[in-house]
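**Q**
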Amino acid sequence: MVARDFEGFIRSIPVITRIYMGCVIVLSVALKLGITTPMSHIFLWPLIKRGEIWRLITPFFFYGELSVQTLFVLFMLFQYSRSLEQSIGDTAEYLYFFIFTMVVTIGIAPALKIIILSRALEFGIIYLSSRRNPNRNVMLLFFPLQAKYLPIAFLLLHWLMGDSLKELIVAFLVSHLYFYLHDVLPATSGVDPLRTPKILEKVINRVENPQPEQQDAAQANNPWMGQGNRVN
Numbered sequence: 011m012v013a014r015d016f017e018g019f020i021r022s023i024p025v026i027t028r029i030y031m032g033c034v035i036v037l038s039v040a041l042k043l044g045i046t047t048p049m050s051h052i053f054l055w056p057l058i059k060r061g062e063i064w065r066l067i068t069p070f071f072f073y074g075e076l077s078v079q080t081l082f083v084l085f086m087l088f089q090y091s092r093s094l095e096q097s098i099g100d101t102a103e104y105l106y107f108f109i110f111t112m113v114v115t116i117g118i119a120p121a122l123k124i125i126i127l128s129r130a131l132e133f134g135i136i137y138l139s140s141r142r143n144p145n146r147n148v149m150l151l152f153f154p155l156q157a158k159y160l161p162i163a164f165l166l167l168h169w170l171m172g173d174s175l176k177e178l179i180v181a182f183l184v185s186h187l188y189f190y191l192h193d194v195l196p197a198t199s200g201v202d203p204l205r206t207p208k209i210l211e212k213v214i215n216r217v218e219n220p221q222p223e224q225q226d227a228a229q230a231n232n233p234w235m236g237q238g239n240r241v242n
């Protein structure tokens, strides 16, 4: 019964949030158990050029070893990512937001010598949520505030926790760039430079709507798969 309830909970999480949180948790647990080391997952461009291409991805899921602080951040991130993905209602668009944020951050990181990139996605989710629902009441460390003030409060919180101000500023700029290009520019000029690519929509549709026999086999073997948000 418990296993069935847990599987139902996993399936209820939107697909991109599910995969994102799964990657963060797996990496944090692996670090805690000593299966891997932090130095293997930070962004180091010279090592990437030597073939360690996983460093293009893992720094976005790097939050250090599993700890109480990590669990707090993950809980907050889970809430905002799930809510944002559900409000967007389009898995392909939400995935494209992830891709854009990661690509732009990777382009900036070598010049500024930023080695941990997880703040980019984390702040991007917080920033986009706050800009699209500015008057929503939210909680941060048990203190109520309106969502429009959340990005500044979030920056101050992480700065007080000792995070690099450089990483936080880059995360803020990348997040604002996405919001401007995706939300503001199309509304003011009719130009939509970040329209979700059709090929990405087709891939997501194929993953979310497989043939019946493929769907039954995938869901039976893997609770992390299954139905996400259907692309119209």
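Take 11 as the starting number for the sequence shown in the working numbering and just add one per residue.
Heads up, the beta-carbon is just placed ideally off N, CA and C, and yes, glycines get one too.
Would you please state the rounded distance, in angstroms, between the beta carbons of L131 and T111? I believe it to be under 8 Å.
**A** So it is a contact: roughly 6 Å between Cβ atoms.
**Q** I'd like to check one pair, I136 with L160: are the Cβ atoms closer than 8 Å?
**A** The answer is yes: Cβ separation under 8 Å.
**Q** List the endpoints of the continuous beta strand (DSSP E) containing F153.
**A** That run of the beta strand (DSSP E) goes F153 to Q156.
**Q** Would you mind working out which of E62, K212, F16 and V184 sits nearest V114, comparing C-alpha positions?
**A** It is V184 whose Cα lies nearest to the Cα of V114.
**Q** R21 to I162, Cα distance in whole Å?
**A** If you take the alpha carbons of R21 and I162, they lie about 33 Å apart.
**Q** Quick one: residues in its chain with C-beta nearer than 6 Å to the C-beta of Y104, no 5 flanking neighbours on either side, listed in chain order?
**A** Cβ within range, chain order: I26, E95 and I98.
**Q** If you run the structure through DSSP and keep just helix, strand and coil, what is M149?
**A** Here M149 sits in strand by DSSP.
**Q** Looking at the secondary structure, which residues open and close the alpha helix (DSSP H) in which K42 lies?
**A** Its alpha helix (DSSP H) spans residues V25 to K42.
**Q** Is DSSP giving T46 helix, strand or coil here?
**A** DSSP places T46 in coil when its eight states are reduced to three.
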